[in-house]
Amino acid sequence: MQNLFTFLLVMAISVSAMAQDVSQSQMAMSEGINNAYTISIDEPIKFTKSVWKEYIGAFGKVKKNKQKEQVSLGTSIADLASRPVDLFATFEKMGKDATLVHVWIKTEDGYFSKENEAQDERAISFLNEFKKEVARTKVRKELKEAEKTLKKQDSELTKLIKNNERLHKNIKNYKNKIQKATEDIEKNEKEQKAAKEDLEKQKKVLEEIKQRLEEI
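The opening residue of the sequence shown carries number 3 in my numbering; numbering runs sequentially from there.
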C-alpha cells in the first residue's frame, strides 16, 4: 500500500513538473483572442522553428499565414484528438538562445484549454514531447557533426599512413640506389686501377719502341 502511495506521489510530481513547463493564457492570433499554450525552448528561434516544422510535418502540411503563424489545418494527431485539429504556432525570441513557442490547438468544438482536463493533459504532453524532440534533434545534429569530423580525421589519418608508406618506399628505393651507387663506385675504382696499370704497361711498351728506334 505504501509502495502504491509512493508511486502515485512520484507520478503526481512528474505530471506537475511537466505542466509547469507549459503555461496558458488568452493571446491574440489570426482568429482573434484565444487560449494559447506556451512552452519555453532553450534553443535559438531559427532552430526551434525548423524542428517544429519537421515535428508537425510528420502529421500534415505546415504553412505560414499573413500573421506569420505556422499553420497546420485538418491535421490528424492521435495524441491530441480522435478528430483532425488545426494548429497555429508563433515563435518569440527570448535572448540569444531561447524561444517561447505559443501554440493554439483548435477542434470543431473550439480551442484546447484547461477547462477540458483531458484535452489540457494531451496538449501539455504533446508540447513536452516537442521539447524533447528539440533536444533529440540537437543531439542528432551534434552526432552528425561528430561523425563528419570523425570521417574527416579518418581520411586525414589514411592520407598520413599512405604518405608514410610512400616515404618508407622512397627510403627503400634510395637505399637500393645508394647500394647500387656504392657497388658502381667500387667497380669504377677497380676499373680505374686496371686502366692505370694498362696505361703504365703501355708507357713501357712505348719507351721500348722509342729505344729500339734510337738504336737503329
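Positions of the beta carbon are idealized from the N, C-alpha and C atoms, including for glycine.
State the DSSP-derived secondary structure class of Asp200, mapped to helix, strand or coil. In the three-state reduction of the DSSP assignment, Asp200 falls in the helix class, which pools H, G and I.
Can you check DSSP and say which residues form a bridge with Gly59? Gly59 pairs with nothing; no bridge assigned.
Quick one: Cα of Lys95 to Cα of Ser32, how far? Each residue's Cα considered, the two are about 19 Å apart.
Could you compute how far the alpha carbon of Val136 sits from the alpha carbon of Gln69? Looking at the two C-alpha atoms, the distance is approximately 24 Å.
For my contact list, Asp81 and Phe128 are in at a C-beta cut-off of 8 Å; report their separation, rounded to the angstrom. Asp81 to Phe128, Cβ: 6 Å. Contact.
Any idea what DSSP makes of Val87, helix, strand or coil? The three-state reading of DSSP puts Val87 in strand, counting E and B together.
Euclidean distance between Cα positions of Thr8 and Glu158: Because Thr8 carries a pLDDT of 42, less than 50, the predicted location of this residue cannot be relied on, and the following value inherits that uncertainty. C-alpha of Thr8 to C-alpha of Glu158: approximately 56 Å in a straight line.
Closest Cα partner of Thr40 within the set Gly97, Ile58, Phe132: Nearest of Gly97, Ile58, Phe132 to Thr40, Cα basis: Phe132.
For the pair the region 46-66 and the region 97-113, tell me if three or more CB-CB distances fall below 8 Å. Short answer: they touch.
Would you identify the three-state DSSP class for Ala80, choosing helix, strand or coil? Coil at Ala80, not helix or strand.
Which term fits Ser84, buried or exposed, when burial requires 16 or more other beta carbons within 10 angstroms of its beta carbon? With fewer than 16 other Cβ atoms from the protein chains shown falling within 10 Å of its own Cβ, Ser84 counts as exposed.
Can you tell me the Cα-Cα spacing of Gln155 and Asn175, whole angstroms? So the two alpha carbons sit approximately 30 Å from each other.
Put Lys161 into one of helix, strand or coil per three-state DSSP. Looking at Lys161 - three-state DSSP - the assignment turns out to be helix.
Using a 10 Å radius around the Cβ and a threshold of 16 neighbouring Cβ atoms, would you call Val207 buried or exposed? Val207 should be labelled exposed.
Opposite Phe132 in the DSSP bridges: which residues? Per DSSP, none; premise fails for Phe132.
Could you give the distance in angstroms between the alpha-carbon of Ile15 and the alpha-carbon of Lys134? A caution first: Ile15 carries a pLDDT of 37, below 50, which makes its placement in the model unreliable, though a value can still be read off. Straight-line measurement puts the Cα of Lys134 at about 19 Å from the Cα of Ile15.
Could you check the C-alpha separation between Gln26 and Lys153 for me, to the nearest Å? The C-alpha of Gln26 lies about 46 Å from the C-alpha of Lys153.
The region 107-117 contacting the region 86-93, beta-carbon criterion three pairs below 8 Å: Yes, the region 107-117 is in contact with the region 86-93.
Close beta carbons around Tyr113, own chain, < 7 Å, minus the five adjacent residues each side: In its chain, beyond the 5 residues on either side, Asn36, Asn37, Trp106, Ile107 have a beta carbon closer than 7 Å to the beta carbon of Tyr113.
How would you call Val141, buried or exposed, if buried means at least 16 neighbouring beta carbons within 10 angstroms? Exposed is the call here.
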